[in-house]
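*Asks:*
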């Protein structure tokens, strides 16, 4: 099948480029770079190209292996927008800018893109809580430690284990029924 790529070319302000999605990620991105004339912008290591759908959801193509099939990542007959993502000096993403400049003026698209971009770049795990001495604080607290201690002190017979009083009483009950 195919997908539409929304590009700006010197001939026209907005243009849809019909692309076969059944190819490698690297081939698809190289073709888009060629058609959008982005070689000069992407020569530095701090900028890379990605695609976003019309809702502003980034596809994060750079995370996939260059030989991965792009058809598995894109929906049939959907329209995608090339997006330039720049990195800070430490390697973390700095910002996203759509290649079609007319979309920069579209506040709704930019807010959706930036919201999606910020969600993807924020860490999923909150930082650890640091105590007075600069060491991580155990958030289970004193009661959590006491509960663990009481569980470890218990023996198997009180927890329904296979040995102990439970087997003897079951054997006695069966004997009495005969």
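Residue numbers (the numbering used here): 907 to 1084. Don't be surprised by glycine CBs; every beta carbon is placed ideally from N, CA and C.
Roughly how many angstroms separate the alpha carbons of residue 977 and residue 1019, rounded to a whole number?
*Replies:* Counted from its first residue, the chain shown places residue 977 at position 71. Counted from its first residue, the chain shown places residue 1019 at position 113. Their backbone Cα atoms lie some 22 Å apart in a straight line.
*Asks:* CB-CB under 8 Å to residue 908, same chain, minus the five flanking residues each way: which ones, in chain order?
*Replies:* Here residue 908 is taken as the residue at index 2 of the chain shown, counted from 1. Only 924, 925, 926, 927, 982 and 983 meet the Cβ criterion.
*Asks:* Tell me whether residue 996 is buried or exposed, calling it buried when 16 or more other Cβ atoms sit within 10 Å of its Cβ.
*Replies:* Position 90 of the chain shown, counted from the start, is the residue given in the question as residue 996. It counts as exposed.
*Asks:* Among residues of its own chain, excluding the 5 on either side of residue 965, which ones have a beta-carbon nearer than 8 Å to its beta-carbon?
*Replies:* The residue given as residue 965 occupies position 59 in the chain shown. Same-chain partners within the cutoff: 956, 957, 958, 959, 979, 980 and 986.
*Asks:* Whole angstroms is fine: what's the gap from residue 989's alpha carbon to residue 1001's?
*Replies:* As a first step, residue 989 is located in the chain shown; it is residue number 83 there, counting from the start. As a first step, residue 1001 is located in the chain shown; it is residue number 95 there, counting from the start. Their backbone Cα atoms lie some 10 Å apart in a straight line.
*Asks:* Using only the alpha-carbon positions, how far apart do residue 913 and residue 1010 sit?
*Replies:* By one-based count along the chain shown, residue 913 stands at place 7. By one-based count along the chain shown, residue 1010 stands at place 104. One C-alpha to the other measures close to 13 Å.
*Asks:* For residue 974, collect the residues of the same chain with a Cβ closer than 8 Å to its Cβ; drop the 5 residues on either side in sequence, then sort them by chain order.
*Replies:* Taking the chain shown and counting its residues from 1, the one referred to as residue 974 is at position 68. Excluding residues within five positions, the ones whose Cβ falls inside 8 Å are 930 and 931.
*Asks:* By Cβ distance, which residues of its chain are closer than 6 Å to residue 934, with the 5 residues on each side in sequence left out?
*Replies:* Along the chain shown, one-based indexing puts residue 934 at 28. Hits under 6 Å: 976.
*Asks:* So is residue 1006 buried or exposed if we call it buried at 16+ other beta carbons inside 10 Å?
*Replies:* The sequence position of residue 1006 within the chain shown is 100, counting from 1. It is buried - the Cβ of residue 1006 has at least 16 other Cβ atoms within 10 Å.
*Asks:* Which two residues bound the contiguous beta strand (DSSP E) that contains residue 1009?
*Replies:* Indexing the chain shown from 1 puts residue 1009 at position 103. Note, residue 1009: premise wrong, no beta strand (DSSP E); not H, not E.
*Asks:* Among 942, 961 and 970, which residue has its Cα nearest to the Cα of residue 1014?
*Replies:* Along the chain shown, one-based indexing puts residue 1014 at 108. Considering only alpha carbons, the answer is 961.
*Asks:* For the alpha helix (DSSP H) that contains residue 937, what are its first and last residues?
*Replies:* Reading the chain shown from its first residue, position 31 is the one you call residue 937. Note, residue 937: alpha helix (DSSP H), 931-942.
*Asks:* Please classify residue 1004: is it buried, with 16 or more other beta-carbons within 10 angstroms of its beta-carbon, or exposed?
*Replies:* Translated into positions along the chain shown, residue 1004 becomes position 98. It is buried - the Cβ of residue 1004 has at least 16 other Cβ atoms within 10 Å.
*Asks:* Whose C-beta lies closer than 8 Å to the C-beta of residue 947 among residues of the same chain, with five residues either side of it excluded?
*Replies:* Start at 1 with the first residue of the chain shown, and residue 947 comes out as number 41. So the list reads 953 and 990, once near-sequence residues are dropped.
*Asks:* What residue does the beta strand (DSSP E) around residue 988 start on, and which one ends it?
*Replies:* The residue labelled residue 988 in the question sits at position 82 within the chain shown. Note, residue 988: beta strand (DSSP E), 985-993.
*Asks:* Could you have a look at residue 947 and say whether DSSP puts it in helix, strand or coil?
*Replies:* Along the chain shown, one-based indexing puts residue 947 at 41. In the structure shown, residue 947 sits in coil (DSSP, three-state: anything other than H, G, I, E or B).
*Asks:* Find the nearest neighbour of residue 993 within the set 939, 951 and 1016, judged by alpha-carbon distance.
*Replies:* Within the chain shown, residue 993 is the residue found at index 87, counting from 1. If we check each option's Cα against that of residue 993, 951 comes out closest.
*Asks:* Within this structure, are the beta carbons of residue 938 and residue 922 separated by less than 9 Å?
*Replies:* To locate residue 938, count along the chain shown from 1; it is residue 32. To locate residue 922, count along the chain shown from 1; it is residue 16. In this structure, residue 922 does not lie closer than 9 Å to residue 938 by Cβ.
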